[in-house]
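One structure below.
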Amino acid sequence: MRWEWSEVREMDDQGCPRCKTTKYRNPSLKLMVNVCGHTLCESCVDMLFVRGSGNCVQCDTPLRKSNFRVQLFEDPAVDKEVEIRKKVLKIYNKRDFDFSNLREYNDYLERVEEIVYNLTNNLEVEGTKQIMEAYQRENRDIIQKNKAKLTREQEELEELLLLEQQGNEQRRLETLQEEQRQLQAKRKSKQALLDELERSHVPATILLAQHKDRAAQLETQIEKQKQVVKTTIFSTGIPMGQTVSLLTVNRLEEVLYHYQPIHMHTYGPPVPELEQLGRLGYLNHVRTAQPQDMAGGYNSGLACHRAIQDAFSGLFHPLG
Amino acid sequence: MFHISSQKKYWTFDNEESLEQLRCEANQKYRNKMLASGKPGVSDAVFLEAHEENVLFRHYEKRLLDFCNAFKPVMPKSVVGTAIMYFRRFYLNNSLMEYHPRTIMLICAYLSCKVDEFNVSSTQFVGNLVQESAAGQERALEQILEYELLLIQQLNFHLVVHTPYRPMEGLLIDIKTRYPLLENPESLRKSVDDFLTRVTLTDSGLLFPPSQIAMTAILNSASRAGLSMESYLTECMGLKEDKETLLKMYDAMRRIKSLMKKYELPKPDEVNAYKVKLERVHADFGTNSNMKRKRGYEDDDHVAKEPRMTEEVSETTYILATSASTFHVINSLLCFLGGVDG
């Protein structure tokens with residue numbers, strides 16, 4: 001497996017703080033995070049917490065081996081916060097329809113965030129824990145109700161998923177069966193041909209021709225069957241036949257662009273056009289272009305035209 | 001094209017007086033700067049006057065022309081014209097006392113070769129300084145490279161110069177095509193060339209469009225040769241009806257001719273006298289050591305060479321000036337030390 005250079009750099013950056021093994025040296029290395037927010041690689045965890053509990057290497061808090069989770073985020077602090085948030089939200093599980101107005105809901109959310117922040121950064125841990133306990137005691141029944149609701153919703157989601165899976169399975173089975181049938185039909189026709197060749201008195205070529213015809217017919221039948229599968233919904237999920245309201249797009253009317261040729265004031269007499277130079281006889285007085293000049297696209301008219309332009313430019317300029 | 005060029009917009013002035021004024025202002029600015037800086041030995045008498053600067057300017061301009069004419073490989077005329085124009089424009093806004101013309105003239109030639117796509121390598125360029133040794137040539141090259149950006153900046157980055165040579169060719173072609181009255185325009189070529197060379201030594205490039213200068217050259221040469229070309233302007237240029245423009249043209253031509261007549265080669269003794277003064281000013285107040293060059297990977301030896309050279313010059317000139325010596329002694333010694341100069 002080829003690694004991208006950026007991935008290689010990343011792998012080299014992260015490492016276990018204790019044994020300094022990085023993912024670069026051991027790609028299957030997994031970093032584990034605990035409640036204090038510090039990381040250790042799997043092997044170090046096994047080594048240090050062989051007894052089941054111990055102290056963190058960096059912050060010396062008492063930890064349990066079971067509290068170690070595989071690190072999902074690059075920054076262990078994020079992992080720590082995610083864990084804390086999960087726990088907090090188990091208690092603070094009110095939803096937006098539980099509140100009478102938006103303001104209260106926002107205040108509630110603000111409180112939740114404060115709690116999570118405090119716990120993550122180890123500020124006023126005691127006080128926060130007390131607040132949490134108080135809340136839990138007061139809103140016990142609401143918490144229960146919401147928990148129940150949550151589980152119900154999850155179940156519904158799971159049911160839907162299940163249904164979808166079942167649908168997929170069915171379709172797969174059906175296609176398989178179709179294929180089987182087609183194979184069988186083909187085999188039957190082949191067998192029939194062989195039988196006829198044996199029994200019938202009609203010459204072989206005619207029999208072969210007939211067989212071929214029948215095979216062709218079968219093919220077309222199969223094709224038609226395949227196409228019969230009706231499509232009821234578009235890939236985006238909108239069912240067919242539903243009227244979609246398209247907002248009328250405002251037409252922007254702009255003024256049509258009119259080309260106006262550039263007019264440059266040369267302060268001199270008019271210069272003949274490049275194409276006219278030959279006709280007017282100017283080219284007779286210019287050195288003819290050598291073949292090696294013409295190869296590059298040069299022709300004597302260009303030099304002549306430029307000389308004339310320079311000669312006439314600014315001739316009538318009103319100076320002084 | 002000239003009509004949309006920066007030359008027309010920024011470097012074409014109305015009359016000679018405005019040019020004179022600009023030069024006086026540049027001179028005055030330098031004086032004020034030096035007086036304000038409060039260096040020892042600063043007084044008004046030490047500095048060059050505007051007309052003295054003018055003499056020196058013409059002298060160095062002639063030397064630039066000679067240098068370009070003696071250049072190997074042969075320098076096209078437009079390159080020469082561009083170089084002289086750069087020289088002129090530079091000293092329109094700067095004083096000769098601040099930047100020595102001997103250096104600036106080489107840089108003008110060098111830059112003009114580059115801009116006009118007359119490709120000469122730098123070594124080849126300094127190889128043309130035949131009076132110098134190899135070391136001297138290298139020193140000159142360093143000086144050139146040092147001041148090149150300054151020159152470009154003082155030209156306000158307007159590097160394209162329209163010289164009258166191509167308009168002259170164009171007019172000759174036009175005459176041959178549309179004006180059969182003049183039998184052999186080629187016969188005029190030599191005197192026209194001569195005229196144009198003389199005209200570059202005047203201020204005409206800063207006052208008139210190059211096509212007008214070319215026209216003046218051709219008409220002048222024709223009248224000198226006794227051929228009449230009056231009807232060219234009226235018939236071919238379509239100016240029969242437009243009397244006003246015709247008059248303006250004649251007026252411009254007259255002015256160009258008068259400028260040419262006014263030009264005279266500077267007198268040698270005047271030149272020498274002012275040159276002494278100039279060298280004095282440069283030696284005393286020369287700002288060579290202040291030039292901070294950012295050439296990261298060159299060693300500092302090259303930079304150190306510069307101030308030592310000027311110090312040598314200043315010391316010796318000072319010693320010589322204080323002792324009783326004649327002009328000739330000074331002159332010859334300056335030649336010996338200055339190298340390119342004299």
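Sequence order for the protein chains is A and B. Residue numbering for the first sequence follows full-length UniProt numbering, beginning at 1 and increasing consecutively. Residue numbering for the second sequence follows full-length UniProt numbering, beginning at 1 and increasing consecutively. Each residue gets a CB set at the ideal place from its N, CA and C atoms; glycine is no exception. Treat the numbers as computed from the prediction; the structure is a model and nothing was measured.
Your pair Gln-309 (chain A) and Met-1 (chain B) checks out as a contact, with CB atoms roughly 6 Å apart and the cut at 8 Å. Cβ-Cβ separation between His-282 (chain B) and His-100 (chain B): approximately 5 Å, consistent with a contact (criterion under 8 Å). Taking one beta carbon from each stretch, the stretch 261–271 of chain B and the stretch 55–69 of chain B have 3 or more pairs nearer than 8 Å; the two touch. At a cut-off of 9 Å between beta carbons, Gln-58 (chain A) makes no contact with chain B. Within the same chain, Cβ atoms closer than 7 Å to the Cβ of Leu-106 (chain B) are found at Ala-140 and Ile-144, the five residues on either side in sequence being excluded. Bounds of the alpha helix (DSSP H) holding Thr-103 (chain B) are 101–115. Contact annotation: in the stretch 294–308 of chain A, residues whose CB is within less than 8 Å of a CB in chain B are Cys-304, Arg-306, Ala-307 and Ile-308. Using a Cβ-Cβ cut-off of 8 Å, His-263 (chain A) is close to nothing in chain B; its nearest Cβ partner there is about 12 Å away.
DSSP places Cys-41 (chain A) in no alpha helix (DSSP H) but in the uninterrupted beta strand (DSSP E) bounded by 39–41. Taking 9 Å as the threshold, the shortest C-beta distance from His-158 (chain B) to chain A does not fall below it. By the CB criterion at 9 Å, Gly-268 (chain A) and Leu-315 (chain A) fall inside the cutoff.
Remark: C-beta atoms of Arg-224 (chain B) and Ser-258 (chain B) do not approach each other more closely than 9 Å. In the three-state scheme derived from DSSP, where H, G and I count as helix and E and B as strand, Met-75 (chain B) is classed as coil.
Per DSSP, the beta-bridge partners of Pro-62 (chain A) are A:Asn-55. Against chain A, the CB of Glu-132 (chain B) has no partner CB under 9 Å away; the residue lies outside that interface. Take Asn-94 (chain B), set aside five residues on each side of it, and the residues of its chain with a beta-carbon closer than 7 Å to its own are Ala-26 and Gln-154, in chain order. Residue environment: Phe-97 (chain A) is assigned as exposed (fewer than 16 neighbouring CB atoms within 10 Å of its CB, all protein chains considered). For Val-33 (chain A), the secondary structure class from DSSP, reduced to helix, strand or coil, is strand. In this structure, Val-33 (chain A) and Lys-80 (chain A) form a Cβ contact; the two beta carbons are roughly 6 Å apart against a cut-off of 8 Å.
When Cβ-Cβ separations below 9 Å define contact, Glu-279 (chain B) makes no contact with chain A. A contact is defined here as three or more CB-CB pairs under 8 Å, and the stretch 3–14 of chain B fails this definition with respect to the stretch 216–230 of chain B. DSSP, read as helix, strand or coil, puts Arg-69 (chain A) in strand. From the listed residues A:Leu-173, A:Lys-94, A:Arg-171 and A:Glu-156, the smallest Cα separation to Gln-136 (chain A) is found for A:Lys-94. Taken in chain order, the members of the stretch 210–221 of chain B whose beta-carbon sits within less than 8 Å of a beta-carbon on chain A are Pro-210, Ser-211, Gln-212, Ala-214 and Met-215. Beta-carbon to beta-carbon, Arg-23 (chain B) and Ala-50 (chain B) are separated by about 6 Å, close enough to satisfy the 8 Å threshold. Gly-136 (chain B) sits in a helix when the DSSP states are folded into three classes. Minimum Cα-Cα distance from Glu-133 (chain A) among the listed residues A:Val-88, A:Leu-162 and A:Leu-247 corresponds to A:Val-88. Under the 9 Å criterion on CB atoms, Met-1 (chain B) is classed as interfacial with respect to chain A. With a contact defined as Cβ atoms closer than 8 Å, Cys-16 (chain A) and Thr-39 (chain A) qualify at about 7 Å. By alpha-carbon distance to Arg-166 (chain B), the top candidate from A:Ala-307, A:Lys-65, A:Lys-129 and A:Lys-145 is A:Ala-307. Below the 7 Å Cβ cutoff, chain A contributes Ile-308 and Ala-311 as neighbours of Asp-174 (chain B), in chain order. At least one CB of chain B lies nearer than 9 Å to the CB of Thr-266 (chain A). A Cβ-Cβ contact shorter than 9 Å links Arg-255 (chain B) with Phe-208 (chain B). Taken atom to atom, the span from the alpha-carbon of Val-249 (chain A) to that of His-258 (chain A) is near 26 Å. When the five nearest sequence neighbours on each side are left out, no beta carbon in the same chain lies closer than 7 Å to the beta carbon of Arg-25 (chain A). Note on geometry: alpha-carbon atoms of Phe-118 (chain B) and Ala-135 (chain B) lie some 25 Å from one another.
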